[in-house]
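Number of protein chains: 4
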Amino acid sequence: MRGNIIGERFIVLSFGESHGRCVGAVVDGCPAGLALREEDVQRELDLRRPSSPLISTERREEDVVEILSGVFEGYTTGAPICMLTWNRDVKGEDYAEIRYKPRPGHADYYAHVKYEGFNDYRGGGRFSGRITAGFVMAGAVAKKLLRDVLGIRIIGYSLEIGGVRAGEFTLEDAERNRYENDVRAPTPEAAERMRKKILEARERGDSVGGMVECVAVNVPIGLGEPVFDALDADIAKAMMAIPGARGVEFGAGFAAARMTGSQHNDPLIVKGGRIVSEKNDAGGVIGGISTGMPIIVRIAFKPTSSIPLEQKTVDLRDLSEARLRIRGRHDPCIVPRAVAVVEAMMAIVLADHAIRAGFIPPVLRRGD
Amino acid sequence: MRGNIIGERFIVLSFGESHGRCVGAVVDGCPAGLALREEDVQRELDLRRPSSPLISTERREEDVVEILSGVFEGYTTGAPICMLTWNRDVKGEDYAEIRYKPRPGHADYYAHVKYEGFNDYRGGGRFSGRITAGFVMAGAVAKKLLRDVLGIRIIGYSLEIGGVRAGEFTLEDAERNRYENDVRAPTPEAAERMRKKILEARERGDSVGGMVECVAVNVPIGLGEPVFDALDADIAKAMMAIPGARGVEFGAGFAAARMTGSQHNDPLIVKGGRIVSEKNDAGGVIGGISTGMPIIVRIAFKPTSSIPLEQKTVDLRDLSEARLRIRGRHDPCIVPRAVAVVEAMMAIVLADHAIRAGFIPPVLRRGD
Amino acid sequence: MRGNIIGERFIVLSFGESHGRCVGAVVDGCPAGLALREEDVQRELDLRRPSSPLISTERREEDVVEILSGVFEGYTTGAPICMLTWNRDVKGEDYAEIRYKPRPGHADYYAHVKYEGFNDYRGGGRFSGRITAGFVMAGAVAKKLLRDVLGIRIIGYSLEIGGVRAGEFTLEDAERNRYENDVRAPTPEAAERMRKKILEARERGDSVGGMVECVAVNVPIGLGEPVFDALDADIAKAMMAIPGARGVEFGAGFAAARMTGSQHNDPLIVKGGRIVSEKNDAGGVIGGISTGMPIIVRIAFKPTSSIPLEQKTVDLRDLSEARLRIRGRHDPCIVPRAVAVVEAMMAIVLADHAIRAGFIPPVLRRGD
Amino acid sequence: MRGNIIGERFIVLSFGESHGRCVGAVVDGCPAGLALREEDVQRELDLRRPSSPLISTERREEDVVEILSGVFEGYTTGAPICMLTWNRDVKGEDYAEIRYKPRPGHADYYAHVKYEGFNDYRGGGRFSGRITAGFVMAGAVAKKLLRDVLGIRIIGYSLEIGGVRAGEFTLEDAERNRYENDVRAPTPEAAERMRKKILEARERGDSVGGMVECVAVNVPIGLGEPVFDALDADIAKAMMAIPGARGVEFGAGFAAARMTGSQHNDPLIVKGGRIVSEKNDAGGVIGGISTGMPIIVRIAFKPTSSIPLEQKTVDLRDLSEARLRIRGRHDPCIVPRAVAVVEAMMAIVLADHAIRAGFIPPVLRRGD
């Protein structure tokens, strides 16, 4: 099976199940000498947590990260960093029904076929959004590495929820506001409108989707190893591995398909003695290589599959038609929670490529 | 650097340059016992070739594939299959200017920085669309493997060009028509409208973008190795590695972001004794696993970056502002040519995952 | 850095430090459906433990394994299996001296240079033999997989210790006796003589080396993926990764260098309707492929580097000449303890290659 | 199948068959900016060639290397370097017999089973020593990289042939003499005695084995990524992948198994302001990390399996007992030819690890 490892130099292995003992990740390849404490990881993990009981109903995990290896006297050692959070608030009985009545929009049935019934189906097991807690842990290490060594900042936010798109805003707005509101919107005003959409859906027993935009600034020219390990290709893969992602685009993205070359090409100019592009329709990646301009990616997330509304499914025991009402705690929109995960995946890919392209050395100097 | 290999079990290594001696690929991991002749690869390669001098102006390469290894007495041996086509019609002088005047929208400048000027800049070198001839060779092997063993068919076509979208059509229409017209449209009618858009752009000295849709049918349930090597994640990576790709989406894709859960979820039903979904908004992949429904992916391609219109750039020798008029043979739209490449990448990923998931054995039986 | 992962399909990631919180391993790629309980792993782990206070003086870790993920209702799920044992009996103060006075024969100095002082030096950190507890955990899973699916048995034993070589014995002798005596010898008589050598060395404040032989029986023809992932090449790598290994040989091994072709070639004969070789000087691998004959490998282990005798070294603080007396608990011979580790590494490589060559499916059937 | 790729950053893919169209290799991951011409590779390839018709009878291939990609204006570009030599002197008819009468000591039978008869059996196909021509091409690139950037020299030689071991000699002797005599011995005197052994075997219709020793000097401290990608582990794997290798050892090697700790440990001293070890029983690698001392490895090669003497085998058509007399051109000792291959594999592994550990940058500066 083997598919739980991502990266070439900064490698992340994901482990754990929704209703098993823990959820975690191991990072192999983090340079030695990075100052790292559990608080650095905890902070990121907290950003993924339910921020408001009104729009998020996930079980109240405390999600306390423990670093089990790879850090010594406050610095990474170059050895694998194993991190995990213990699952505390697990109620197995909530999920007994899904063993035989696969939930539409979920992997339940397909995992059942693929693993011939051996998969841990409780709460979706490996397919639960809960698994992304491990992504965020690994991303926290990557983020700190990128920030400390290269000054790279990664800013994700909910660009659109339930069809409501954020109005005009600057990156600074987004950076300042996204974690100040419970929907991770770039402005308070957008937050208000998005929150309303989510609550409406929730009242109907339904759910809504949305879009996360993520921007990485201060990325030097030269990350990405074409032709196949193109930077945008690896980012796309990482984003699509987030549960619920249905599409990904860079810069002008799908709109580029309707532009002409003279509109879309980013003209080169000299600014402050440096060659930059006049605009950034390419979204910071051309030919699979970072251009030095902000990397801009958008990810479409589907509406939460777990909805209280009655749905049609099949009872696996006799292939009879069945009706299903999903109970339990499910966010009516996964987008707010996905923001931290998108940032984590961006950080993981950038850290990997920064090491590959020689921008981050195998050992950081003390004082760096 | 090292980034020219894709796949885990069915592995493709791309080599060659636009204006070097050849363009090719090596496949490592193709099962032994696949009936394979040069004609099988040549046929696919021909589909990538300029179909009409009116809308495609690439140099008239004959692109004759040679299989150098890994095939014996008409069957693959399990050893690496090295394939290439010799570059014949190469004129180095056409490209001297781009050494110092990087073309907007191209990797010229970024590759120059990354490789510190050592890259083969002629015709874009490794960043030329010509490199995809090697993708198509490898894809031809993957396609035949998928078809012979699993009956999988892969159908790509131009869904939209220059803002013109194909009207209603069936998959059968697309399969029958796409290689019968020079823009790879699913219907003759759409072809006519798209062709017009391309010619208009060409007359203006400009270019247009578009969208390729690709469908894979007969894919069994269970391809994909979550959480990271999710099937859609790996397809997304492969597609984004195609020069000019700016976005990728599955099933309802970005539209899913505006749907509700009750709209988007694909209800499960029993049909012909088999569990299927009533519709396929998921595009054939849920939780990173193939669902048995057709896999549907759309890729946005930007307009050709090489346009005859004068563009702004910088002269690298003195950082002075410069004007650039790109001469030479360039398609005013890369979408028609990309169709064969998209199909190839889809085949490569599916073959890799079919082997990983145990659907294709290490050796095919004679007579299979 | 990134070097803590081994395998292609059955993948093992090692984590933990000698004096950190824990030592463990994650297996990614174990097929779903393998019956696995903690006792299965504990049993193997116990075989690695100090068997006799006379010849082994390692700290009395209880080494209780915990399986944190990847197993559900007694069966593997196909998800990563994270296993660890908590370090309990850790005294950091014992090892303060080695920070500045690197121990001859140890990685202390070289790790200090490589990781620029960031490595966890306590007890050797990642370079401690203690790390192999994780190898044994992963090996336990691999062993069970090989035995349950293919009936493969792996038998390691101390062939030679301190120059004392075991006399004549059969594989059955070895299988029966090795874990019945504290030096893992194939016969009680050899055990007696080896034990004496170890005790003599211990009394002198010195240590002795030795040789482990490991045999795998019931391996089918066809494991190994030449040319580079040859079965013997991958076994050699795995064995050389065990701390203290200095050489590895297959079948006749180095003696083959002094044989003639007519002596060394294994003639093919038919026996019981099956083609086998008359003898097995090749040690079960020819051309990198398993031959169906027992795989026979021998690994040379150096004498324990940590000895009580005074040794010459350098004080890193001022590059002055220094004397070092290593205190603390160290086995005067690592060979007995290495036996379980050698078996584990053999199992890990065979499991990986059995999956790669299609002998083990992605999911085991219930009842298998 | 997929097993023809070695390395993580400096990656070598081997392709081609003994009696196919060509034998070659692709290097992915060679830094840009390395001065490289076909002559650099040809020189190494020539060292692998039959040096004397008396002791080597391989077909008289010219083995002219062609570099097909990845080099531009005399420098590597960072793109994959595809190299090959065309097979010219191929006579298929010589090998028809081995299709049904597998040669003892060869992979014939095991490959036949593994690939179910689809393998190219002519001349052993992928299992022929001829494949190593590709190894040497890739090794030539690695060698030049190591020498140009780090000043690393790699010196291999025949240490022992047919039981005749070279007498006392210095590394300088070996470096000066090995390619001056046809058996690659470190001294003319040893060459004379080894040559005699080979000729005696040849006259008897038999063959002899031997041992290659390979030393790498000027390797900095810190290559190797423990625990699994230990430098000695990766070297061991690479060496064991050479056809005919039966064992590998480092420094004192198997003799270390009979030493005491006080004998074997290399005491640390200060010499010329640098910490070095007083002797080098560890062979330049401790704890999987290079120590800065010369890396010393010995590889045992079996006697050539193809001998003119009649041998016992089985006719695959009816499982009857058969006799086989191998005709054709076969060296009575592969050791002299293996020397260049051993050096190549050493170079490939060191280049890979030098890049991994940050000693070689992704792009070399002009003038380096």
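Line by line, the protein sequences give chains A, B, C and D. The numbering of the first sequence is this note's numbering, which starts it at 1 and goes up by one. The numbering of the second sequence is this note's numbering, which starts it at 1001 and goes up by one. The numbering of the third sequence is this note's numbering, which starts it at 2001 and goes up by one. The numbering of the fourth sequence is this note's numbering, which starts it at 3001 and goes up by one. All C-beta atoms in this analysis are idealised placements derived from N, C-alpha and C, irrespective of residue type, glycine included. Because the structure is a prediction, the values reported are computed rather than measured.
Through-space distance from residue j to residue i, alpha-carbon basis
| i | j | result |
| --- | --- | --- |
| G2210 of chain C | K3302 of chain D | 24 Å |
| D1331 of chain B | G1024 of chain B | 22 Å |
| G3358 of chain D | L2268 of chain C | 49 Å |
| L3171 of chain D | G3284 of chain D | 15 Å |
| V2349 of chain C | I1296 of chain B | 38 Å |
| D368 of chain A | L3047 of chain D | Because the pLDDT at D368 of chain A is just 49, under 50, the model does not fix this residue reliably, and the value given afterwards should be weighed accordingly. If you take the alpha carbons of D368 of chain A and L3047 of chain D, they lie about 48 Å apart. |
| Q1263 of chain B | E2008 of chain C | 41 Å |
| I152 of chain A | L223 of chain A | 13 Å |
| H2019 of chain C | Y2109 of chain C | 18 Å |
| E1180 of chain B | E1039 of chain B | 19 Å |
| L3145 of chain D | L2319 of chain C | 33 Å |
| R1176 of chain B | I299 of chain A | 33 Å |
| D2148 of chain C | I2360 of chain C | 10 Å |
| I2355 of chain C | L2150 of chain C | 11 Å |
Proximity test, Cβ basis, 8 Å: residue i and chain A
| i | result |
| --- | --- |
| F2015 of chain C | yes |
| L1150 of chain B | no |
| I1275 of chain B | yes |
| A2257 of chain C | no |
Residue i vs residue j beta-carbon contact at 8 Å
| i | j | result |
| --- | --- | --- |
| G287 of chain A | P226 of chain A | yes |
| D2281 of chain C | G2251 of chain C | yes |
| T2077 of chain C | A2032 of chain C | yes |
| P2186 of chain C | A2201 of chain C | no |
| K3399 of chain D | R3325 of chain D | A query on residue 3399 of chain D cannot be resolved here, the shown segment of chain D reaching from 3001 to 3368 and no further. |
| L3316 of chain D | P3102 of chain D | yes |
| V3012 of chain D | C3082 of chain D | no |
| V1183 of chain B | I1198 of chain B | yes |
| E2189 of chain C | G2163 of chain C | no |
| G1003 of chain B | D266 of chain A | no |
| K2143 of chain C | E2062 of chain C | no |
| C22 of chain A | S207 of chain A | no |
Minimum Cβ-Cβ distance from residue i to chain B less than 8 Å
| i | result |
| --- | --- |
| L3068 of chain D | yes |
| P2362 of chain C | yes |
| L2034 of chain C | no |
| Y3110 of chain D | no |
Closest residue to residue i among the options (Cα-Cα distance)
| i | options | result |
| --- | --- | --- |
| Q1042 of chain B | B:G1016, B:A1140 and B:S1290 | B:A1140 |
| R3037 of chain D | D:G3016, D:G3156 and D:M3137 | D:M3137 |
| P3308 of chain D | D:G3273, D:R3327 and D:G3016 | D:R3327 |
| S2306 of chain C | C:G2156, C:G2205 and C:R2195 | C:G2205 |
| A2133 of chain C | C:F2015, C:I2155 and C:M2293 | C:F2015 |
8 Å Cβ cutoff, residue i in contact with chain C
| i | result |
| --- | --- |
| A1230 of chain B | no |
| G1288 of chain B | no |
| D368 of chain A | The predicted position of D368 of chain A is uncertain, since its pLDDT is 49 and thus under 50; a value taken from the coordinates is nonetheless stated next. False, the Cβ-Cβ gap to chain C never drops below 8 Å. |
| A1357 of chain B | yes |
Fill in: alpha helix (DSSP H) segments (min. 4 residues) lying fully within the segment 1117–1172 of chain B
1132–1150
Item to complete: Let me know the alpha helix (DSSP H) ranges lying completely inside the segment 180–256 of chain A, each 4 residues or longer, listed in chain order.
Response: 188–203 and 231–240
Discussion item. Give the list of continuous beta strand (DSSP E) stretches no shorter than 3 residues that lie fully inside the segment 2259–2338 of chain C.
Written reply: 2268–2271, 2274–2277, 2295–2301, 2311–2315 and 2320–2324
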